[in-house]
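Trainee: With the UniProt record's numbering applied, the sequence shown covers 1 to 267.
Backbone N, C-alpha and C define an ideal beta-carbon position, used for all residues, glycine too.
It should be emphasised that the depicted structure is a prediction, and the values quoted were computed from it without experimental measurement.
I'd like to ask some things about the structure below.
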Amino acid sequence: MGSKNNRGQAKLVPMSVKIAQEQNNKKEELAAKMSAADKKWYEQRAALNKIQSEKKAAWNKLQLEKKAAEEKKLADKKITEENAKKLAATIQYECIQKHYAIVLRENGDEKKLVIDLNFIADPPTDMMALMKVLPEYASSITKVQIKMIQPMQHGSRAVYQQRVNNMNKFVEQLNSFAITELDILVDIDNENNFQQLKLAAAFNGLKFQDWCMEYQIMTSSEHYPIERYSSYGKRLRGVYRTEFVTHLFPVQFRHMGDPQVTERYEH
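Structure representation (structure tokens):
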């Protein structure tokens, strides 16, 4: 039995024991924190891996879809060209009315239509006469090459607008062809002369989207591509929207915007 003075009092814990308990508590707290941090890290890592895996799967799927689309495109092109060749074998091209701006180049059963649009010649290419002949080739020609040259100034706004109208009609006729290859070459005086490219904006109205456009400086034999998203490519699309589409749909566009919008471009 203890002393009366010590009854009901807690037993004294040695200081060494207290220190050991505090150290153990701190270790347990630290272990718990590390465990929680590790768990969070692993969860974040798992989530990141899942996102990366999903992105990779989506990318692989996209590549497979692109490959399938390209294979289908090539297969469709082959079928189109084979059908055109069969039809071409039944056509007597020598009986088609001749036009000085249209030349049919043949290499075996391969055929390419070369069209020369010369707006600086005297007289310039007769577009109306050309468009009377062009439909004769629509069913059997899949490859077309267009050469174009135009002046910096067209003489008057009326002349320019008439040429814009004719180019729209020309492109509309090309849309009736089952085209698989279309190359456009525009001659200009110098690389800064955008005015001599403007009529080529009409080709933005083609249904066939894989056409290639280049320009050639008259004093050089080098060809320079005009990519869709290059400076010239973007400017030509702008010209097409403001000066060619408005001629295709004049009534609608009269109600949609500024009737003077085409005045922004110098002719």
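Once you ignore the five residues that flank Cys95 on each side, which residues in its own chain have a CB closer than 8 Å to its CB?
Mentor: none
Trainee: With a 10 Å radius around its C-beta and 16 neighbouring C-beta atoms as the bar for buried, classify Asn166 as buried or exposed.
Mentor: buried
Trainee: Pull up the distance between the alpha-carbon of Asp187 and that of Lys86, whole angstroms please.
Mentor: 35 Å
Trainee: Just to confirm before moving on: does the CB-CB distance between Ile146 and Asn190 stay below 8 Å?
Mentor: no
Trainee: As a quick exercise: from Phe208, Ser220, Pro151, Lys198, pick the residue whose alpha carbon is nearest that of Glu243.
Mentor: Lys198
Trainee: Sorted by chain position, which residues of the same chain lie with C-beta nearer than 8 Å to Pro14's C-beta, five sequence neighbours on each side aside?
Mentor: Answer for Pro14: no residue qualifies.
Trainee: Buried or exposed, going by whether 16 or more other CB atoms sit within 10 Å of the CB of Arg157?
Mentor: exposed
Trainee: Let me check understanding here. Comparing Cα to Cα, which of Glu222, Tyr100, Lys40 lies closest to Leu113?
Mentor: Measuring C-alpha to C-alpha distances from Leu113 to each of Glu222, Tyr100, Lys40 identifies Tyr100 as the nearest.
Trainee: Would you mind listing the beta strand (DSSP E) stretches within the segment 103–144 that are 3+ residues and don't spill past its ends, in chain order?
Mentor: DSSP runs (the beta strand (DSSP E)) wholly in the segment 103–144: 110–118.
Trainee: Given Tyr232, which residues of its chain have a CB within under 6 Å of its CB, disregarding the five upstream and five downstream residues?
Mentor: Around Tyr232: Ile226.
Trainee: Which residues does DSSP list as the beta-bridge partners of Glu214?
Mentor: Its beta-bridge partners are Leu185, Pro225.
Trainee: Determine the extent of the alpha helix (DSSP H) in which Lys201 is found, giving its start and end residues.
Mentor: Contrary to the premise, residue 201 reads as Ala rather than Lys in this sequence. No alpha helix (DSSP H) contains Ala201, which DSSP labels as neither H nor E.
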